[in-house]
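Peer 1: One structure follows; several queries about it will come next.
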Amino acid sequence: MTRGRTIGGEADDTGVMPGAGASRAAAASRPAPSRVLRSASVLAGWSLLYAAYRAYYALGGQVGMIGRPVSRSQFEQVNAAGAGIIVVCAVVVPLTLAWVPRLRRLLVVVGWLGAVGCCMHALVDATLRLFSLTGVHPVELPPSFWASVDRQKADLQDLLLNEPWFFVAGLLWAGLALTVVPQGLRHRWVVSAVVVCLLLSGYGVLRGLDVLGPTLLG
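For what it's worth, numbering that gives the first Met the number 0 labels the leading residue of the sequence shown as 0, then goes sequentially.
Here it is as structure tokens:
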């Protein structure tokens, strides 16, 4: 039987250099930069939509107001801060981590935190708003911030707009993180995120229902 040869070394009977299969497998396990950047861009675009919504109120917008704030300037400042935080945390951070190869592995942890945090926020607040709409346990908003509130409008806006955004953002964070999580660890990553999210959501709902103490939603 003849053996295949290559310049600079010998091949095996199949004509493949020793170690070439392992090298190809390692290369295949690495995330494609375009895939990581595409996932980060989708998350950034989704986040910019919510940041624009916050910025609208920060700039004096009135449409969709759920009530009358105690201080209009304070209301605008809070929304400006919210828009800024969203841009930094959900636009700048994911794009930077995805763009810089040396930082890309941080997405495993940052994405896990983003996924759990956003999905938990959505599950807790959506559940509490449903209890509020049905009259089981009305959500109390801070009287130091709101002079008057249309409770039903506030519940519907949160349930139909705010929390769906957070839930989708959480899924996008998970999708971004999974582009860099090694294949063998993906199941463990997903299971840990789901379990922690459900545990924290249960705790949050109990707090919101005053089972573990009174809670005011902002």
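Backbone N, C-alpha and C define an ideal beta-carbon position, used for all residues, glycine too.
According to DSSP, is Ser191 helix, strand or coil?
Peer 2: In this structure, Ser191 counts as helix in the three-state DSSP scheme.
Peer 1: Considering only the alpha carbon of each residue, which of Ala176, Lys152 and Ser147 lies closest to Val108?
Peer 2: Ala176
Peer 1: When DSSP labels each residue in this structure, what does Pro32 get in the three-state scheme?
Peer 2: helix
Peer 1: Measure the beta-carbon distance from Val145 to Val69 and round it to whole angstroms, keeping in mind my assumption that it falls under 8 Å.
Peer 2: Sequence inspection shows Trp at residue 145; the Val mentioned does not correspond to that position. Contact flag correct, Cβ pair sits at about 7 Å.
Peer 1: Mind checking whether the beta-carbon of Gly174 lies closer than 8 Å to any heavy atom of the ligand HEM?
Peer 2: As presented, the structure is devoid of all ligands, the ligand HEM included, so that no description of it is given.
Peer 1: With which residues is Arg67 paired in a DSSP beta bridge?
Peer 2: Its beta-bridge partners are Ser147.
Peer 1: Going by CA-CA distance only, name the one from Val204, Leu47, Arg67 and His120 that's closest to Pro93.
Peer 2: Out of Val204, Leu47, Arg67 and His120, Leu47 has the C-alpha closest to the C-alpha of Pro93.
Peer 1: How big is the Cα-Cα spacing for Ala79 and Arg185?
Peer 2: 37 Å
Peer 1: When you compare each of Ala153, Val77, Ile65 and Val115 to Val194 by their alpha carbons, which one comes out closest?
Peer 2: Val115
Peer 1: Enumerate, from N- to C-terminal direction, the unbroken beta strand (DSSP E) stretches of 3 or more residues contained entirely within the region 87 to 174.
Peer 2: 145 to 148
Peer 1: Between the beta-carbon of Leu171 and the beta-carbon of Trp45, is there less than 9 Å?
Peer 2: yes
Peer 1: Does the Cβ of Ala125 have 16 or more other Cβ atoms within 10 Å, making it buried, or fewer, making it exposed?
Peer 2: Buried, because 16 or more other Cβ atoms sit within 10 Å of the Cβ of Ala125.
Peer 1: Starting from the C-beta of Leu211, find all residues in its chain whose C-beta is less than 7 Å away, skip the five residues before and the five after it, and write them out in chain order.
Peer 2: Leu205
Peer 1: Residues in the same chain with beta-carbon distance under 6 Å from Arg128, minus the five sequence neighbours each way, listed in chain order, please.
Peer 2: Asp154, Asp157 and Leu158
Peer 1: For Ala21 and Val87, I'd like the C-alpha separation in whole angstroms.
Peer 2: Caution applies to Ala21, whose pLDDT of 43 falls short of 50 and renders its modelled position unreliable; the model cannot decide the point.
Peer 1: Taking the alpha-carbon positions, what's the Asp209 to Leu36 distance?
Peer 2: 42 Å
Peer 1: DSSP on Val210, reduced to helix/strand/coil?
Peer 2: coil
Peer 1: Is the beta carbon of Ala51 closer than 9 Å to that of Ala89?
Peer 2: no
Peer 1: Give me, in chain order, the residues of the same chain whose beta-carbon lies closer than 6 Å to that of Gly110; leave out the 5 immediate sequence neighbours on both sides.
Peer 2: Within the same chain, Trp172, Leu175 and Ala176 come within 6 Å of Gly110 by CB-CB distance, once the 5 residues on both sides are set aside.
Peer 1: When we look at the beta-carbon of Val123 and count the other beta-carbons within 10 Å, is it buried (16 or more) or exposed?
Peer 2: buried
Peer 1: Would a C-beta distance cut-off of 9 Å place Val218 and Arg103 closer than the cut-off?
Peer 2: There is no way to answer for residue 218, as the model of the chain reaches only from 0 to 217.
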